[in-house]
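K.L.:
In this note's numbering, the protein residues as written are 4 to 340.
C-beta: ideal position from N, C-alpha, C; glycine also.
Input: one structure, supplied below.
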Amino acid sequence: MQSCKFQNCKNHAVFNSEFCWNHIKDTDAYRKKLEAMVKENTSLKGANLARVNLSTLDLARVDLSEANLSRANLSDSNLFDANLRNAELLGADLTNSDLTSSSLCGSDLTRACLRGARLWHADLENSNLIEANLDYCDLWNARLPNTRFWRTNLSHAISLSKKNFRCKASKFSDTYKINEKGALSSEDAYRDLKKYFLANGRYNDASWAAFKEKTMERMLLKKKKSIAYIPSAIMNFLCGYGEKPQRIIFSSFLMIVFYAAMYAVLNAITYAQSAAYIMSKSDYIYYSVITFTTVGYGDFIPKSSILFRSLAASEAFIGTFMIGLFIFTLARKYSAR
Ligand SMILES: [Zn+2]
Numbered sequence: 004m005q006s007c008k009f010q011n012c013k014n015h016a017v018f019n020s021e022f023c024w025n026h027i028k029d030t031d032a033y034r035k036k037l038e039a040m041v042k043e044n045t046s047l048k049g050a051n052l053a054r055v056n057l058s059t060l061d062l063a064r065v066d067l068s069e070a071n072l073s074r075a076n077l078s079d080s081n082l083f084d085a086n087l088r089n090a091e092l093l094g095a096d097l098t099n100s101d102l103t104s105s106s107l108c109g110s111d112l113t114r115a116c117l118r119g120a121r122l123w124h125a126d127l128e129n130s131n132l133i134e135a136n137l138d139y140c141d142l143w144n145a146r147l148p149n150t151r152f153w154r155t156n157l158s159h160a161i162s163l164s165k166k167n168f169r170c171k172a173s174k175f176s177d178t179y180k181i182n183e184k185g186a187l188s189s190e191d192a193y194r195d196l197k198k199y200f201l202a203n204g205r206y207n208d209a210s211w212a213a214f215k216e217k218t219m220e221r222m223l224l225k226k227k228k229s230i231a232y233i234p235s236a237i238m239n240f241l242c243g244y245g246e247k248p249q250r251i252i253f254s255s256f257l258m259i260v261f262y263a264a265m266y267a268v269l270n271a272i273t274y275a276q277s278a279a280y281i282m283s284k285s286d287y288i289y290y291s292v293i294t295f296t297t298v299g300y301g302d303f304i305p306k307s308s309i310l311f312r313s314l315a316a317s318e319a320f321i322g323t324f325m326i327g328l329f330i331f332t333l334a335r336k337y338s339a340r
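Here is the structure:
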């Protein structure tokens with residue numbers, strides 16, 4: 004890239020000029036020239052347009068891929084269907100710009116201002132939105148999978164939902180995620196998303212973000228080899244941090260089968276009416292269910308040994324805990340919080 008011709012200036016010269024933006028004498032003429040070139044479908048791929056004032060320009064469908072637009076002024080510009088793949092937009096001003104259907108895949112929007120911008124159907128996969136300002140930015144149907152979020156101002160973003168984060172997965176299962184490379188920053192990002200969804204009444208989306216936030220926390224604990232990883236992993240397995248009631252049904256089922264197997268192996272249970280009764284597999288399962296749910300009919304009883312009685316008591320204890328957890332999770336998930 005050519006350097007600016009101005010004495011001792013270390014900046015690179017901007018596209019189609021010998022000077023950097025600060026040292027171009029007639030900036031209006033430069034803008035007009037650029038506008039004319041755009042009208043003739045000149046590609047601006049990889050162009051250096053750092054700090055250039057492109058405000059209010061019509062840049063619809065222009066190829067700006069890999070262009071350097073760091074700190075450029077693109078406010079009120081028309082970027083409809085523009086190609087901004089892998090563009091550098093560090094600290095760029097995109098206030099009130101129209102980015103409908105534009106491609107921003109892999110672009111760097113760190114500290115960019117997207118206040119009031121329209122991003123309908125825009126593709127931001129793998130882009131970087133660290134410390135970007137999304138106040139009143141309309142993200143209706145925008146794609147944000149694998150996007151880096153951290154300290155991104157989301158509080159007044161419009162039409163943001165879990166759907167924005169859908170990754171192209173298999174036919175049967177969709178995954179929804181942001182860029183999770185840094186567990187610490189991703190935990191913060193998911194917390195911000197959770198707050199946004201809760202504030203906007205999107206409780207199912209908030210549940211997804213809350214689960215992801217806890218998952219990031221667990222990853223971090225694992226990395227640190229912290230002892231707190233174990234209870235976190237157990238809570239994930241049992242109930243998905245209170246966000247997945249179906250996991251409790253599954254783990255309750257496992258627990259009932261496990262206890263039934265223990266009773267059978269230890270020959271711990273007997274029929275209350277007759278000691279000669281031979282226990283079948285279904286009797287053990289039945290006894291396990293009745294104990295787990297703390298119904299306790301008393302038709303089958305543990306043999307009089309401290310071990311067998313403790314085993315049955317521990318199942319009853321776990322059962323009450325799991326049922327309580329199930330009701331809590333269900334209420335949490337399906338009630339308007
Ligand atoms: Zn210069």
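Run through the region 256-308 for me and flag every whole alpha helix (DSSP H) of 4 or more residues, listed as ranges in chain order.
P.N.:
DSSP runs (the alpha helix (DSSP H)) wholly in the region 256-308: 284-295.
K.L.:
Return yes when at least one heavy atom of ligand 1 lies under 6 Å from the C-beta of residue 200, else no.
P.N.:
no
K.L.:
Give me the Cβ distance between residue 123 and residue 103, rounded to the nearest whole Å; I'm assuming they're in contact under 8 Å.
P.N.:
5 Å
K.L.:
Kindly identify the DSSP beta-bridge partner or partners of residue 121.
P.N.:
101, 141
K.L.:
How many Å lie between residue 66 and residue 87 at the Cα?
P.N.:
A direct Cα-to-Cα measurement between residue 66 and residue 87 gives close to 7 Å.
K.L.:
Measuring only the C-alpha atoms, how far is residue 338 from residue 75?
P.N.:
46 Å
K.L.:
Starting from residue 197, trace the alpha helix (DSSP H) both ways and give me its first and last residue.
P.N.:
186-202
K.L.:
So what does DSSP say about residue 244, is it helix, strand or coil?
P.N.:
coil
K.L.:
What does a CB cutoff of less than 6 Å around residue 215 pick up in its chain, not counting 5 residues either side in sequence?
P.N.:
For residue 215, where only same-chain residues beyond five positions count, the Cβ hits under 6 Å are 193.
K.L.:
Based on Cα-Cα distance, which residue from 43, 101, 90 lies nearest to residue 58?
P.N.:
101
K.L.:
Between the beta-carbon of residue 219 and the beta-carbon of residue 172, is there less than 7 Å?
P.N.:
no
K.L.:
Just how far apart, CA to CA, sit residue 182 and residue 135?
P.N.:
15 Å
K.L.:
Nearest CA to the CA of residue 317: which residue from 261, 77, 235?
P.N.:
261
K.L.:
Does the beta-carbon of residue 159, which I'm using as the reference point, lie nearer than 6 Å to any heavy atom of ligand 1?
P.N.:
no
K.L.:
Which class does residue 61 belong to by DSSP, given the choice of helix, strand or coil?
P.N.:
Assignment of residue 61 by DSSP, reduced to helix, strand and coil, places it in the strand class.
K.L.:
Evaluate residue 334 with the Cβ neighbour count: other Cβ atoms within 10 Å of its Cβ, from every protein chain shown; 16 or more gives buried, anything less gives exposed.
P.N.:
exposed
K.L.:
Going by DSSP, what residues sit across from residue 159 in a beta bridge?
P.N.:
Looking at the DSSP assignment, residue 159 forms no beta bridge with any residue, so it has no partner.
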